[in-house]
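Numbering (our numbering), first residue to last: 50 to 141. C-beta: ideal position from N, C-alpha, C; glycine also.
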Ligand code: SF4
Ligand code: SF4
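Structure (structure tokens):
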């Protein structure tokens, strides 16, 4: 069981120092989680520390490939509202 970081990671470095397993490393083009080292923070913390600190919705996935912070979970903006706003901006 391991989490993964995907391409929407903005390389902010926030997660790397929090990992109790030293499973996160800078890579090109973005940070990556070593699946062999990631424990999902089991035994160290109640929540996965990388996903708790990550400011980018959808950048960290659970073992099932689902976003731990799905769209709207951090901003509080429902995805349909964001889509409406983006369409309105692009129509200007
Ligand atoms: S879930 Fe925990 S152990 Fe796994 S990469 Fe994130 S911080 Fe490290
Ligand atoms: S906290 Fe999120 S955006 Fe920042 S480096 Fe880690 S995965 Fe990437």
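One alpha carbon belongs to residue 112, the other to residue 92, and they sit about 17 Å apart. The bridge partners DSSP lists for residue 53 are 110. Contact between the stretch 131–138 and the stretch 59–72 is absent, with fewer than three C-beta pairs closer than 8 Å. Ranked by Cα distance from residue 122, the first of 59, 137 and 104 is 104. Its Cα nearest to that of residue 102, the residue 118 stands out among 88, 50, 137 and 118.
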